[in-house]
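Asker: Quick note, in UniProt numbering, the sequence shown goes up one by one and the last residue is 189.
The C-beta atom is built at its ideal place from N, Cα and C for all residues, glycine as well.
Since the model is a prediction, treat every value here as computed from it, not as a measurement.
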Amino acid sequence: MNATNTSAVPETPNRTYPRWIETLRDRTKILIRPITANDRDAEKAFIEGLSDEARHYRFLGQVKSPSDSLLRQVTQLDYVHQVAFAAVVNDHLHERIVGVSRFSTDASGRNCECAVTVTDAWQHKGLGTVLMRHLIAVARSLGIERMVSIDDAQNVQMRELASYLGFSCRADPDDPTQVIHELAIRPEG
Numbered sequence: 001m002n003a004t005n006t007s008a009v010p011e012t013p014n015r016t017y018p019r020w021i022e023t024l025r026d027r028t029k030i031l032i033r034p035i036t037a038n039d040r041d042a043e044k045a046f047i048e049g050l051s052d053e054a055r056h057y058r059f060l061g062q063v064k065s066p067s068d069s070l071l072r073q074v075t076q077l078d079y080v081h082q083v084a085f086a087a088v089v090n091d092h093l094h095e096r097i098v099g100v101s102r103f104s105t106d107a108s109g110r111n112c113e114c115a116v117t118v119t120d121a122w123q124h125k126g127l128g129t130v131l132m133r134h135l136i137a138v139a140r141s142l143g144i145e146r147m148v149s150i151d152d153a154q155n156v157q158m159r160e161l162a163s164y165l166g167f168s169c170r171a172d173p174d175d176p177t178q179v180i181h182e183l184a185i186r187p188e189g
C-alpha cells in the first residue's frame, strides 16, 4: 500500500486527517480519507447510489434515502469511538464517494463493530480490502482487540472478504438470516 500520510487517526477531529493514495488491482489510483461532517451530501449521494442489494447488505434492511439523523450519525464522528474512511474519485471537480469503511467501539473501547460498502461499479478491484486494511490498522493503533461485522448470510462478497482478511464466521444466534464475522486484532510488534 502506498500511504501518503502514515499517522493512524487524528487525536481530535480538528487535526489533519490521514489520507492515502492507493493503487487498485486494475491500476486505478484512488484516494482514501476520513469522512467529515462536510461529506453529508456526498454520503447521501453514495447511499442513494447503491444498488438495492448493496443497500440491503449494508443496512440489513431497505434504506432508499437516508434520514437527516442517519446522515449526522455517519458523518459527524469523534475519531476516538467512531472512525470512517471514504474512497473517493474526482467527478467533474467534485469528490464522489465510491466506498466506505467504518467502525464504532463499545463502551470498553476494546471491541468494535465494522462495516464496509463499495458501489457496484467499483467492486472486484480490491477496494473493499484496501478500506478494511486501513480500518484494521487504525483499530489496532487505538488498542482495539476485537472487530465484528454482522452481515446478511447471503452476502457472499462479505464472507469472502472477511475470510481473506482472517475473520472467523459463525451464525448469529439471534437471527438465522445473519452471520457474525469476528477478527482478533493483535498488537503490532
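Does R110 pass the burial test, meaning 16 or more other C-beta atoms within 10 Å, or should it be called exposed?
Answerer: The residue is exposed, with fewer than 16 neighbouring Cβ atoms inside 10 Å.
Asker: Nearest to S104 by CA position, among G128, L77, A45 and A87, is which residue?
Answerer: The candidate whose alpha carbon is nearest that of S104 is L77.
Asker: Thinking C-beta only, is L127 closer than 8 Å to A86?
Answerer: No.
Asker: Under the three-state reduction of DSSP, which class applies to A87: helix, strand or coil?
Answerer: Three-state result, A87: strand.
Asker: Can you tell me whether DSSP reads E182 as helix, strand or coil?
Answerer: Note: E182 maps to strand in three-state DSSP.
Asker: Terminal residues of the continuous beta strand (DSSP E) containing E160?
Answerer: Note, E160: premise wrong, no beta strand (DSSP E); alpha helix (DSSP H) at V156 to Y164.
Asker: Please classify Y164 as buried or exposed, where buried requires at least 16 neighbouring CB atoms within 10 angstroms.
Answerer: That one is exposed.
Asker: Out of H181, M158 and P173, state which residue places its alpha-carbon closest to the alpha-carbon of F167.
Answerer: For F167, the nearest C-alpha among the options comes from H181.
Asker: Where does V156 land, buried or exposed, given buried means 16+ other C-beta within 10 angstroms?
Answerer: Burial call: exposed.
Asker: Indicate the three-state DSSP secondary structure (helix, strand or coil) for T105 in the structure shown.
Answerer: Note: T105 maps to strand in three-state DSSP.
Asker: DSSP three-state call for T117: helix, strand or coil?
Answerer: In the structure shown, T117 sits in a strand (DSSP, three-state: E or B).
Asker: Span of the alpha helix (DSSP H) holding A139?
Answerer: Where A139 is concerned, the enclosing alpha helix (DSSP H) stretches over L127 to S141.
Asker: From which residue to which residue does the beta strand (DSSP E) around R72 run?
Answerer: Where R72 is concerned, there is no enclosing beta strand (DSSP E), although the alpha helix (DSSP H) it sits in stretches over D68 to T75.
Asker: Taking C-beta to C-beta, are V83 and R102 nearer than 8 Å?
Answerer: For V83 and R102, yes; Cβs fall inside 8 Å.
Asker: How big is the Cα-Cα spacing for A121 and A139?
Answerer: Approximately 28 Å between the Cα atoms of the pair.
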